[in-house]
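Student:
In this note's numbering, the protein residues as written are 70 to 873.
See below:
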């Protein structure tokens, strides 16, 4: 009887389960349409894009930010008084529960700087909340010099996630931000002339930090691996130390203003003398004293001293001529006999350069008072941290130097965005030397409510931003500060307003979706026109390659939904730093995120790996040429040069993240920096300072068997006019080549020229049109534009020029 009574309820329950499953299946296969519909719903967009301050919006922690000596102590450009000991190397590591008692035994070793993933023997379940541990312990031993110093500080340049430090059993302090330098006073704990034991406890993952601590916000990071991921050092100085040096340059007058922040660790006032001298770097002669001033330092306080001198006939820094200078700062205090005794010195490298954005009729990016077009790419290092091939590459100086100077110089790149997170300090040093302009971006990506930043404290974020700027403000390579990526959280606007006064030499970018905070601040845009109907980025329909024949290419291109670019400041300069929405893995397959874009572009055809690689290289390169040729943006930066790029079928057995990357770089062998060869060939043409672009993509623009005028756009990013020759070529599937007459052309400085070039179109179903721009004086290498006409899909292989 009981079974009979339950029969109908069970049937109803089973029916409801089946209905839910059916609805889930229908929703899955219609997810794009559903998402597009939501994006078009104003109420949903307003709700999803609205961020209310969290309950801990004003919460604060006592972090160990630098006050005395650690600023830029990762490098020594020539100090004679200050003593710095690098503590980088291989440390002991161990896991354990959260406590203040270090393990008795350490059974693992790991590199510093680096991440815990490189520990040997290895740990499992790293970068996520795990029952195996709460924290990782790091330990090293070092010998301190025999001669004591008044001050000694331990410097952790970047540590994740939450660092607590002990020296010789004495607790020194703790720090919570994973992207900023921390400093620990070791003056009473250090053992001079003997061995010292330094222990650092790190949270095993972000869950060990309070939610209100800004610990990174990036949906494409699956595991947030802990580690001492930048250099560790010991700094020893006298009572009066140099806490920070800020160098500001005036390229119009040759003046150099040095702002020195001095720290008095003693309990008495000190009479101090601060001296500045300068020379070119690398230094080939002794420093020549330039200026000296006396100041009184109050006990236990910090004092700023501003001094100015002039460099005659100064050589300006630029990506083309990255000339560097060195300023030597020396502080002395008066002893009881009135004699000056040196207590600290710093050697700070800088460049004479002025980088600024301008709004208005001639808006754009200006370098040394001249408009300067930016060509470049993105480096997503914190995503690369999750790559199965990453290992210790980010801390290999030779590898990083080649990464930043090899392909970038071959491709004529002059700029890089450090996408969603800072990089180790020596990366900026190398960028200074090789000549790259960096948009330095914080790890802050908050399109919609529910992301990590919704819980952040504005107080803690301001501390992080101040620490970030103060640590990096002397790098000529950093052209502007980038607060966020694709961000609707108004917290970024507030924090920019709070901190921008500490560095008036640079401007701020605000994530693209909110108003620019300053009157000349740039706006970034990501016009992903091929992203299959706008499900992700603001398109009102499914765009095709043919649409690039008629679009005007002017910002803003993204005008609706959560991803809408801020459109109420058209007088502001714009930069385009993401645009193709095409990514393929090392196996030549679209990533899951890019599959629909490839399907839209190819009509849903399943291409071979070589065809996908060709389609990527061809379309991404020609879209690069399009966005540059239309001159709507002050810069065009390809996405992405370095990132996580794993195909699940290539992952090693021990790798715990068994998924294919959402976005991908183009390295086939990242260890040897071997790029996909098609993209490598095409990129050299479309990023060159002199560019030729075939304006028409549409089949009907090339009527078979007729003479037509082919529309072209030519641009010149240099400051000198160029005399060039334009010639068109046509090839068929059999490799036959025909060409047009040579058309001479002059492109003015920073100029753009539109012209029509006559061409006879063959009577063929499918062929390729090439446009070549060459120099009449061999001032630049020939560059090419390609257009595939009549082919089934853009992945069809074509010939490589030259054809002569």
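Beta carbons: idealized from backbone N, C-alpha and C, even for Gly.
In this text the structure is predicted, and so the values were computed from the model without any measurement.
Within the same chain, show all residues whose beta-carbon is closer than 7 angstroms to that of residue 71, passing over the 5 residues directly before and after it, in chain order.
Tutor: Model confidence at residue 71 stands at a pLDDT of 47, short of 50, so the residue's coordinates are unreliable and nothing is read from them.
Student: Here's the rule: buried if 16 or more other CB atoms are within 10 angstroms of the residue's CB, otherwise exposed. What is residue 620?
Tutor: Residue 620 should be labelled exposed.
Student: DSSP has residue 827 in a bridge; who is on the other side?
Tutor: Paired residue(s): 778.
Student: Taking only the alpha-carbon atoms, compute the straight-line gap between residue 10 and residue 275 and give it to the nearest angstrom.
Tutor: The structure shown does not extend to residue 10, since the chain is modelled only from 70 through 873, so no value can be given for it.
Student: Residue 855: buried (16+ other C-beta within 10 angstroms of its C-beta) or exposed?
Tutor: By the neighbour-count rule (16 or more Cβ atoms within 10 Å), residue 855 is buried.
Student: Alpha carbon to alpha carbon, what distance is there between residue 279 and residue 865?
Tutor: So the two alpha carbons sit approximately 52 angstroms from each other.
Student: Give every residue of the same chain whose Cβ lies closer than 8 angstroms to the Cβ of residue 765, excluding the five residues on either side of it in the sequence, and list them in chain order.
Tutor: The answer, listed in chain order, is 618, 771, 779, 780, 856.
Student: Between residue 293 and residue 230, is the Cβ-Cβ spacing less than 8 angstroms?
Tutor: Cβ atoms of residue 293 and residue 230: closer than 8 angstroms.
Student: Under a Cβ-count criterion, where at least 16 other Cβ atoms within 10 Å of its own Cβ denotes burial, should residue 288 be classed as buried or exposed?
Tutor: So residue 288 ends up on the exposed side.
Student: Within 10 angstroms of its Cβ, does residue 614 collect 16 or more other Cβ (buried), or is it exposed?
Tutor: Burial call: buried.
Student: Just to confirm, are residue 457 and residue 395 a CB contact at a threshold of 8 angstroms?
Tutor: In this structure, residue 395 does not lie closer than 8 angstroms to residue 457 by Cβ.
Student: Could you tell me the boundaries of the alpha helix (DSSP H) in which residue 752 lies?
Tutor: That run of the alpha helix (DSSP H) goes 746 to 755.
Student: Which word fits residue 581, buried or exposed, when buried means at least 16 other C-beta atoms lie within 10 angstroms of its C-beta?
Tutor: Looking at its Cβ environment, which holds 16 or more other Cβ atoms inside 10 Å, residue 581 is buried.
Student: Pull up the CB-CB distance for residue 812 and residue 826, whole angstroms please, since I reckon it's below 8 angstroms.
Tutor: The pair is a contact, with the Cβ atoms about 5 angstroms apart (cut-off 8 angstroms).
Student: Which residues in the same chain as residue 425 place their Cβ atom closer than 6 angstroms to its Cβ, once the five residues preceding and following it in sequence are excluded?
Tutor: The residues are 435.
Student: Secondary structure at residue 619, three-state DSSP: helix, strand or coil?
Tutor: Of the three classes helix, strand and coil, the one that applies to residue 619 here is coil, per DSSP.
Student: Taking the continuous beta strand (DSSP E) assigned at residue 320, which residues delimit it?
Tutor: From DSSP, residue 320 is part of no beta strand (DSSP E); its letter is neither H nor E.
Student: In this structure, what does DSSP give as the bridge partners for residue 887?
Tutor: Lying before the first or after the last residue shown, residue 887 is absent from the chain, which here runs from 70 to 873.
Student: Hey, residue 162 and residue 207: beta-carbon distance below 8 angstroms or not?
Tutor: Cβ atoms of residue 162 and residue 207: closer than 8 angstroms.
Student: Kindly indicate the opening and closing residues of the beta strand (DSSP E) around residue 460.
Tutor: Residue 460 -> no beta strand (DSSP E), and no H or E assigned at all.
Student: Report back the beta-carbon spacing between residue 841 and residue 796 to the nearest angstrom; my notes put them in contact at under 8 angstroms.
Tutor: Indeed they touch by this definition, with Cβ atoms about 5 angstroms apart.
Student: Taking three-plus beta-carbon pairs below 8 angstroms as touching, is the segment 463 to 476 in contact with the segment 524 to 532?
Tutor: Cβ pair count under 8 angstroms is below three, so no.
Student: Would you report the Cα separation of residue 408 and residue 402, rounded to the nearest angstrom?
Tutor: Whole-angstrom Cα-Cα distance: 8 angstroms.
Student: Using 10 angstroms around the beta-carbon of residue 631, count the other beta-carbons present and answer buried if the total reaches 16, otherwise exposed.
Tutor: So residue 631 ends up on the buried side.
Student: On a Cα-Cα basis, can you pick out the residue from 337, 666, 135, 835 that is closest to residue 681?
Tutor: It is 666 whose Cα lies nearest to the Cα of residue 681.
Student: For the structure I just gave you, are there three or more beta carbon pairs, one from the segment 152 to 161 and one from the segment 195 to 202, closer than 8 angstroms?
Tutor: Not touching, per the Cβ criterion.
Student: Distance check for residue 240 and residue 170, CA to CA, integer angstroms please.
Tutor: One C-alpha to the other measures close to 11 angstroms.
Student: Here's a check: name, in chain order, each residue in its chain whose Cβ is nearer than 6 angstroms to the Cβ of residue 814, leaving out the five neighbours to either side.
Tutor: Taken in chain order, the residues that qualify are 793, 795.
Student: How about residue 451 and residue 490: are their beta carbons less than 8 angstroms apart?
Tutor: Result yes, Cβ atoms of residue 451 and residue 490 sit closer than 8 angstroms.
Student: Using the rule of at least 16 other Cβ atoms within 10 Å of the residue's Cβ for burial, across every protein chain shown, is residue 571 buried or exposed?
Tutor: Residue 571 should be labelled exposed.
Student: Can the beta-carbon of residue 266 be found less than 8 angstroms from the beta-carbon of residue 313?
Tutor: No; because the gap between Cβ atoms is not below 8 angstroms, this pair is not in contact.
Student: Who are the Cβ neighbours of residue 140 in its own chain at under 6 angstroms, not counting the five residues just before and after it?
Tutor: The answer, listed in chain order, is 313.
Student: Given that a residue counts as buried once 16 or more other Cβ atoms are within 10 Å of its Cβ, and exposed if not, what is residue 645?
Tutor: Looking at its Cβ environment, which holds 16 or more other Cβ atoms inside 10 Å, residue 645 is buried.
Student: I'd like to know whether the C-beta atoms of residue 523 and residue 120 end up nearer to each other than 8 angstroms.
Tutor: Yes, these two residues count as a Cβ contact at 8 angstroms.
Student: Going by DSSP, what residues sit across from residue 841 in a beta bridge?
Tutor: Residue 841 pairs with 796, 853.
Student: Taking CB distances under 8 angstroms as the criterion, tell me whether residue 652 reaches chain B.
Tutor: The displayed structure is made up of one protein chain only, and chain B is not part of it.
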